[in-house]
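This report concerns only the one structure given below.
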Amino acid sequence: MEWVNTLDRAAQEAALSEIAPKLLLEAPKRPAERQLPDLPKAVEGAVVLRLPPEPSGYMHLGHAFHGLVNYLYRERYRGFLWLRFEDTNPKKVKPEYYESYREGYRWCGVRWDAEKNNSDDMILYYDYARRLLEAGHLYVCSCSKEEMARQRAEGLICSHRSLDTSWHLEKWDAMLSGSMSEGEAAVRFRGDPLSQNTALRDPVLFRIVDHPHPLKGEKFIVWPTYDFAAAIQDAVCGVTHVLRTSEFMFRDALQDSIRERLGLKNPVYVEYSRFEFEGTPLSRRRIRELIERGVVGGWDDPRLGTVLAARRRGITPEALKEFVKSYVALTPSRKLYSWDLLYAINKRILDPKTPRLFFTPQPRKLIVKGMGRKTVTAPLHPSLDMGSRVIEAGETLYIAGEDAETLRPGDRFRLKYLANLKVLSLADRTVVCEVEDGGPEPGLRVLQWVPEGSRRLEVIVPDLLFRGEEVNLESLRLVEGLAEPYESQLPLGSVVQFERFGYCVKDSPGLYVFTHR
RNA sequence: GCUCCGGUAGUAUAGCCCGGACAAGUAUGCCGGCCUUUCGAGCCGGAGACCCGGGUUCAAAUCCCGGCCGGAGCACCA
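Just so we're on the same page, my numbering is the position in the first sequence counted from 1, plus 132.
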């Protein structure tokens, strides 16, 4: 084996073709593309899925993955996908977030077939509620929140439960008419007060929310809770498969039960643990908190796991999709992804379409004696034809501070595409060299450089926001350096690879965000 | 506290339902080599895992029981 490794590639291939030519023919480049597992009870052409975001904050990677998972299944089974906003809590919903989800999903490459809001069907909920009230499956309760919580915790039966149907109907009408105020009454499900599953202990299905809704204004004062709205909507939308995280596990029985009492069909559930990334809080509550405390700059702070941040950092939608296919499992075991997995895929996507440029962090002056003005044409990509850029070099150049540190008088090295040099002296933080004849040599160190007049720019280098439970105070580094003039031609948002530094996105003139190596 | 649900290399997964071809596959990360005018990409090789203990069985990653560890839920939020 060791002997084989001493041979170069051509020699290895030659030897192989003699002893086992077959092996050379097969050998797929990458292993067969991984796929999501089959959906249980799925029938081609008859799968209906839904994406149910609550428009109360920005999307994070978890939402993106859920979106992609649903979309991938829609493709696989030639199914139908709903985008359905769960907006039945007027106090939490904000108008700007509806569009932010649409945009976020679109950016991820998720296409949906139809769109609606849970708040669109208020009259339908009311109709169903009346039917259930009349049949005794629902009752109006005017206990205080605290009292209700006590009952539910201790498995007690509410006294309102046994009141006449006519009383409940009357109260229901009073609720709808607006003559009752918030907290005064709620509609409860007649469940099982002693059930082990506390979701079934007569939960509230409608409550009074005296707050304008961003879409419906002040038209409604009685709002269904999540369980009721979702149960009805999944049936009304004809959803066959509900894909969601396991925190909803305990709601399945309730939602099924609501539908059964209405004679509606139940979906198949596929529930899995949430997707998390190492050192990166995804919960919107926590992110909001970090923003308020000033720990991060905003929803698009590059250290965050929001879609906004990922986009800004140069994570591509293709990478997200590929990630979902290769690394996401729809299982209930805990997942804590390391960013490296995503980076590796992203790199593979970025590499063939990203120009290479020279960037010298913490630049150090370099004087090249005896070199007049010289113009070099350097390719923008090492192996693909992406064109080239022209750099005008003179006697004064700059190299990275880190590289300059390592140089000693007498050292030889090459400035990429330019010239071979020999170090004469190092004084005043300036490296003085002389030109040597010759081109690239095997083993000769190659350094990136920039000419005089290069543009100063800063690169935001994000790191993990959290180390365990602690906020990582060094999670945002700012690296400054010089980029070759060609940089100024790049439009905002473009990704470049600063050689030997890493992939970066042009965020604003003079400012880049580091993607990954 | 109560109730559920999990546990395959550092990470993510395949295998588990239907026990044997699994001395456990893959990717990523790590280490070494080749190649290369980038420490990038590519190629080759290497180390690295079935949580623990019992049981069933000719045979257990796979089935059963217990323990340990981890996660989720217990709202007039979704």
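Heads up, the beta-carbon is just placed ideally off N, CA and C, and yes, glycines get one too.
Residue closest to ASN653, alpha-carbon to alpha-carbon, out of ARG480, PHE380, ASP296 and ILE340: This structure does not reach residue 653, given that the chain is present from 133 up to 649, and the question cannot be answered.
Counted within 10 angstroms of its Cβ, other Cβ atoms place LEU156 as buried (16 or more) or exposed: Along the first sequence, one-based indexing puts residue 156 at 24. Per-residue confidence for LEU156 stands at a pLDDT of 38, beneath the threshold of 50, marking its modelled position as unreliable; no derived number is given.
Boundaries (first-last residue) of the beta strand (DSSP E) holding TRP214: Translated into the one-based positions of the first sequence, residue 214 becomes position 82. Looking at the DSSP string, the run of the beta strand (DSSP E) that includes TRP214 is 212-217.
Reduced DSSP category for ARG609 - H, G, I as helix; E, B as strand; rest coil: As a first step, residue 609 is located in the first sequence; it is residue number 477 there, counting from the start. Correct three-state label for ARG609: strand.
Any 3 or more C-beta pairs closer than 8 Å across the region 181-198 and the region 435-444: yes
At least three beta-carbon pairs within less than 8 Å, the region 267-280 to the region 288-307: yes
Simplified DSSP assignment, three categories, for VAL136: For the purposes of this step, residue 136 is identified with residue 4 of the first sequence, where counting begins at 1. Because VAL136 carries a pLDDT of 44, less than 50, the predicted location of this residue cannot be relied on, and the following value inherits that uncertainty. The answer is helix: DSSP assigns VAL136 an H, G or I state.
Alpha-carbon to alpha-carbon, LEU614 and TYR635: Reading the first sequence from its first residue, position 503 is the one you call residue 635. Reading the first sequence from its first residue, position 482 is the one you call residue 614. When rounded, the distance between both Cα atoms is 15 Å.
Per DSSP, cross-strand counterpart(s) of PRO617: Indexing the first sequence from 1 puts residue 617 at position 485. Its beta-bridge partners do not exist; DSSP assigns none.
Assumed close pair PHE545, ARG577 - CB separation to whole angstroms, cut-off 8 Å: As a working mapping, residue 545 is identified with position 413 in the first sequence. As a working mapping, residue 577 is identified with position 445 in the first sequence. Sure, about 4 Å apart at Cβ, within 8 Å.
The region 516-534 touching the region 490-499, judged by at least three CB pairs closer than 8 Å: yes
Burial state of SER389 (16 or more Cβ within 10 Å): Here residue 389 corresponds to residue number 257 of the first sequence, with the count starting at 1. Its Cβ being crowded by 16 or more others within 10 Å, SER389 is buried.
Bridge partner(s) assigned by DSSP for THR509: To locate residue 509, count along the first sequence from 1; it is residue 377. Paired residue(s): VAL522.
Boundaries (first-last residue) of the alpha helix (DSSP H) holding GLY194: In the first sequence, residue 194 corresponds to position 62, counting from 1. Here the alpha helix (DSSP H) through GLY194 covers 193-209.
Beta-carbon gap between TRP355 and ASN221 smaller than 8 Å: Taking the first sequence and counting its residues from 1, the one referred to as residue 355 is at position 223. Taking the first sequence and counting its residues from 1, the one referred to as residue 221 is at position 89. Their beta carbons are under 8 Å apart, which means TRP355 touches ASN221 by this criterion.
Where PHE630 falls, given that 16 or more other Cβ within 10 Å makes a residue buried: On the first sequence, position 498 is the one that residue 630 refers to. The residue in question, PHE630, is buried, as its Cβ has 16 or more Cβ neighbours within 10 Å.
Helix, strand or coil at HIS292 [DSSP, three-state]: To locate residue 292, count along the first sequence from 1; it is residue 160. Reduced to three states, the DSSP call for HIS292 is helix.
Paired residues, beta bridge with GLY349 - DSSP: Walking along the first sequence from the start, residue 349 turns up at place 217. Paired residue(s): HIS345.
Separation of ARG425 from LYS277, as counted between CA atoms: Here residue 277 refers to the residue found at position 145 when the first sequence is read from its first residue. Here residue 425 refers to the residue found at position 293 when the first sequence is read from its first residue. For LYS277 and ARG425, the distance between alpha carbons rounds to 31 Å.
Proximity below 8 Å, CB of CYS565 to CB of LEU579: Translated into positions along the first sequence, residue 565 becomes position 433. Translated into positions along the first sequence, residue 579 becomes position 447. Result no, Cβ atoms of CYS565 and LEU579 do not sit closer than 8 Å.
Pairwise C-alpha distance: PHE455 and LEU131: No answer is possible for residue 131: it lies beyond the span of the chain, which begins at 133 and ends at 649.
Inter-residue CB distance, PRO656 and PRO346 (contact presumed, cutoff 8 Å): Because residue 656 is not part of the residues shown, which for the chain are 133 to 649, the question remains open.
Of the listed residues LEU213, ARG418, PHE217 and GLY600, nearest to GLU410 (C-alpha basis): One-based indexing of the first sequence puts residue 410 at position 278. The candidate whose alpha carbon is nearest that of GLU410 is GLY600.
Beta-carbon gap between LEU168 and LEU204 smaller than 8 Å: As a working note, residue 168 is residue 36 in the first sequence. As a working note, residue 204 is residue 72 in the first sequence. Yes.
The ligand GDP heavy atom lying under 7 Å from the CB of GLY446: Questions concerning the ligand GDP fall outside what the structure shown contains, since it holds no ligand whatsoever.
Per DSSP, cross-strand counterpart(s) of HIS648: Locating residue 648 in the first sequence gives position 516, counting from the first residue. BP columns for HIS648 point to TYR635.
Separation of VAL201 from LEU468, as counted between CA atoms: The sequence position of residue 468 within the first sequence is 336, counting from 1. The sequence position of residue 201 within the first sequence is 69, counting from 1. Approximately 18 Å, taken between the alpha carbons.
Span separating the alpha-carbon of HIS373 from that of LYS485: Counting from 1 along the first sequence, the entry for residue 373 is found at position 241. Counting from 1 along the first sequence, the entry for residue 485 is found at position 353. Their backbone Cα atoms lie some 38 Å apart in a straight line.
Helix, strand or coil at GLN365 [DSSP, three-state]: Your numbering for residue 365 matches position 233 in the first sequence. DSSP places GLN365 in helix when its eight states are reduced to three.
PRO434 vs PRO594 beta-carbon contact at 8 Å: Looking up residue 434 in the first sequence gives position 302. Looking up residue 594 in the first sequence gives position 462. For PRO434 and PRO594, yes; Cβs fall inside 8 Å.
DSSP bridge partner residues for TYR401 (one or two, in chain order): For the purposes of this step, residue 401 is taken as residue 269 along the first sequence, with counting starting at 1. DSSP lists VAL374 as partners of TYR401.
Classification of GLY323 by the beta-carbon crowding that lies within 10 angstroms, buried from 16 upward: To locate residue 323, count along the first sequence from 1; it is residue 191. With 16 or more other Cβ atoms within 10 Å, it is buried.
Distance CB(ARG406)-CB(THR377) smaller than 8 Å: Here residue 406 corresponds to residue number 274 of the first sequence, with the count starting at 1. Here residue 377 corresponds to residue number 245 of the first sequence, with the count starting at 1. Going by C-beta atoms, ARG406 is nearer than 8 Å to THR377.
Simplified DSSP state of PRO119, which is helix, strand or coil: Residue 119 falls outside the range modelled here, since the chain spans only 133 to 649, and no answer is possible.
Buried versus exposed, by CB contacts within 10 Å (16 or more), ALA196: Taking the first residue of the first sequence as 1, we reach residue 196 at position 64. With 16 or more other Cβ atoms within 10 Å, it is buried.
Residue nearest to ASP170 in terms of C-alpha spacing, selected from LEU396, GLY241 and VAL400: Position 38 of the first sequence holds residue 170. When each option's Cα is compared against that of ASP170, the closest is VAL400.
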